[in-house]
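Residue numbers (my numbering): 620 to 918.
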């Protein structure tokens, strides 16, 4: 059953996936990975998402059910399309102008100061900066990163990490975190070893919280750990089994922002927010990390 679009770090909910993505990118928070971007729906667990993919007629011929794992953080604008199809009159809805042919419309969209148009996905952006950010995002990148445990391809290293953290391949985010701590990454990003501790062993038992109708306080469903409230029981359970109550585990060695998950740190690097590494350097770095990561998780 779909739930509200939710930030798993602070439990704030959003009316759109774009709003959730933009918030998580700005705050370095983790978005709910269990989303169907094609249908613009969020779910409380990987099983619920997979059930949706399996049962929805829209996905009958869809072989890429892990699209939700790619967090292509981008600035969404109004999705109303201006570009006309071949059978329609070339018309710019926002400017209320008709054109002789589609070439004229496209030239208008390309050169008018009123538009910041992406021709690949037929979207208009509020400003040129937003368009450039969108074009540099994962939106139009090819899937070149392969999961070390299956044949799935992703657009970024963080996509692979989130795919495994979500519970695929009998792994959990706790196994991924333990494996990342065990690596000798230079510069050091592990808060455990920075603080003088030792790398934790992979967990043998995982605690799962399940809220019931007893969590309803008369108005909303209340988390017994942090007292945050949710409009639905599904939203509360998604929160309880998210990283929301996990400790920070990793730290950027340049800007010192801390992260609960290795995928969050990977997204931070990929965004080039602090300029620690260029994207090509990040990809090369994670190619090496993925090889070590694969060996550790197979032990």
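No residue lacks a Cβ here, since even glycine has one placed at the ideal position from N, Cα and C.
Computed from a predicted model, the values in this text were never measured in an experiment.
Run of the beta strand (DSSP E) containing residue i, from where it starts to where it stops
i: residue 661; result: 660-662
8 Å Cβ cutoff met for residue i and residue j
i: residue 879; j: residue 862; result: yes
i: residue 625; j: residue 634; result: no
i: residue 885; j: residue 777; result: yes
i: residue 636; j: residue 653; result: no
i: residue 740; j: residue 758; result: yes
i: residue 871; j: residue 855; result: no
i: residue 881; j: residue 797; result: no
i: residue 641; j: residue 857; result: no
i: residue 887; j: residue 876; result: yes
i: residue 649; j: residue 894; result: no
Beta-carbon separation (whole angstroms), residue i vs residue j, contact threshold 8 Å
i: residue 840; j: residue 859; result: Not a contact, Cβ separation roughly 10 Å.
Span separating the alpha-carbon of residue i from that of residue j
i: residue 869; j: residue 782; result: 19 Å
i: residue 844; j: residue 873; result: 32 Å
i: residue 809; j: residue 753; result: 31 Å
i: residue 814; j: residue 627; result: 26 Å
i: residue 851; j: residue 622; result: 8 Å
i: residue 770; j: residue 763; result: 11 Å
i: residue 735; j: residue 836; result: 47 Å
i: residue 784; j: residue 812; result: 22 Å
i: residue 791; j: residue 664; result: 12 Å
i: residue 661; j: residue 806; result: 36 Å
i: residue 724; j: residue 657; result: 27 Å
i: residue 889; j: residue 774; result: 11 Å
i: residue 726; j: residue 638; result: 30 Å
i: residue 801; j: residue 794; result: 11 Å
i: residue 848; j: residue 830; result: 12 Å
i: residue 853; j: residue 750; result: 35 Å
i: residue 730; j: residue 867; result: 46 Å
i: residue 670; j: residue 719; result: 47 Å
N-terminal and C-terminal residue of the alpha helix (DSSP H) that residue i is part of
i: residue 763; result: No alpha helix (DSSP H) holds residue 763; DSSP gives it neither H nor E.
i: residue 792; result: 792-801
i: residue 785; result: Segment: none, residue 785 is in no alpha helix (DSSP H) and carries neither H nor E.
i: residue 811; result: 810-813
i: residue 729; result: 721-730
i: residue 712; result: Taken as a continuous stretch (DSSP letters only), residue 712 belongs to no alpha helix (DSSP H), as it is neither H nor E.
i: residue 752; result: 747-754
Residue i Cβ short of 7 Å to the ligand GTP heavy atom set
i: residue 865; result: Inclusion of the ligand GTP in the displayed structure is not the case, the ligand content being empty and no account of it being possible.
I'd like the ranges of any alpha helix (DSSP H) spanning at least 4 consecutive residues and lying wholly in the segment 818-899. 852-859, 881-890
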